[in-house]
Amino acid sequence: MRRRTLLGAVGVGFAGSLAGCTDLFETTASREPPVVENRPSASYIPTHQEGMEMVGMANAGDLTVGVMYSWPHRFWTVQGRQTERVDVGRNDAIHLMVSVWDAESGVTIPSSGVTVETTDGDGNREEEVVYEMLSQRMGFHYGDNWPLPGDGSYTVRVDVGGTNIRRFGEFEGKFGEPASVELEFEYSERERNDIPYTILEDRQGNPGALEAMEMEMPNGATMPVGRAPAPDALPGESFGTQTSGDAVFAASAVSGGRFGDRPYLLVSPRTPQNGLVIPSMGLSATVGGTDVALEAALDPEVGFHYGANVEGLSTDDDLELVVDTPPQSARHEGFETAFLDMPPMTF
């Protein structure tokens, strides 16, 4: 997926807020705080907290695409149940992030596939398929560390692939076709260095999570971070909630309506602190002795979730939920040790 060579570099830690300290950052890679030792196998407070700079947003059919950036930083990719750290490369200038959501409902749209291309004023072009990512501040998004040759004007093009996951209600027939947006922006290293960057010296490594960022767009709208509905706000009769690998799973049995003629088993996984949706996992269930494969799905009220139609489903049934594949989205710091070892749950 990545076409650049990544150079690992982690240097000596430093403390305090570093907003505006241009001379301290000849290369960000050499200044990033060391990874916390003895991290819990759960969500934890990362070494630092960053702000973000908004590039802009644009509509593409039924979708809205927002682009922003922050300091380049390490993150972790996931393959099966194993993680691999991706360090900041020598030429990485920013961490580029893309958020995609339904323009009408504000529901975040995962499972699309996103390609980003940047072009500077001299025609230098950089193009990549970027990672699906999960972060405490941004929730689900797409992103990667990104090189920019220097200060100047840039065009960023974002191509969003069509999704093939199940869609219900007003989402039926939407988001199946590819869409593209282009945005112009000015970049300078000095403005990048003015993005707040605060070392969390006394909190880093503690169980928990940073507060999710509700970022205001240039038009006054707020960019959604992909929160799941509260468990008691899900439709149908509730099976309750269970926890596995630090993720919280809410399950309900929905009869009739937009989910089909047969009862619908709806499972909504989310992070424990901010209730952020967790996509890109494989789930199955055993209901009253019958094995059921759950599919990823989108609904304008429930948002992203997993589900299956099950004949005769009732909350009186014994329900066992199994995570066959943990979330495969790349992780920002603070999530890379969570959502990996996920034992079965019984409701």
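So in my numbering, the last one in the sequence shown is 375, and the numbering has no gaps at all.
The C-beta atom is built at its ideal place from N, Cα and C for all residues, glycine as well.
| task | Taking all protein chains shown into account, decide if S181 is buried (16 or more other Cβ within 10 angstroms of its Cβ) or exposed. | result | exposed
| Extent of the continuous alpha helix (DSSP H) to which N221 belongs | E217 to N221
| field | Residue burial classification, P372 (beta-carbon count within 10 angstroms, cutoff 16) | value | exposed
| query | Ordered along the chain, which non-local residues of its own chain (more than five positions away) have a Cβ less than 7 Å from that of D120? | reply | P100, N173, W174 and P175
| request: Please classify P235: does DSSP put it in a helix, a strand, or coil? | output: strand
| DSSP puts A358 in a beta bridge; with which residues? | M161
| query | Is the beta carbon of L326 less than 9 Å from the beta carbon of I73? | reply | no
| Span of the beta strand (DSSP E) holding G171? | G167 to P175
| What are the start and end residues of the beta strand (DSSP E) that includes L311? | G310 to V315
| Is the CB-CB distance between P252 and F277 below 9 Å? | no
| said: Whole angstroms are fine: how far does the CA of T299 sit from the CA of F168? | reply: 11 Å
| query | From A336 to V295, what distance separates their C-alpha atoms? | reply | 9 Å
| CA nearest to the CA of A256, picked from R67, P177 and L304 | L304
| request: Could you pull out every unbroken beta strand (DSSP E) segment of at least 3 residues lying fully inside the region 256 to 340, listed in chain order? | output: 265 to 272, 275 to 282, 292 to 298, 310 to 315, 318 to 327 and 331 to 337
| request: Report yes if the CB atom of V116 is closer than 9 Å to the CB atom of E60, and no otherwise. | output: yes
| said: Taking its Cβ as the centre, do 16 or more other Cβ atoms sit within 10 Å of S216, making it buried, or is it exposed? | reply: exposed
| said: Spatial neighbours of H360 within its chain, please: C-beta separation below 6 Å, excluding the five flanking residues on both sides. | reply: F103 and S163
| task | Assign L52 to one of three DSSP states: helix, strand, or coil. | result | With a pLDDT of 35 at L52, under the threshold of 50, the predicted position of this residue should be treated as unreliable, though the coordinate-derived value follows. In this structure, L52 counts as helix in the three-state DSSP scheme.
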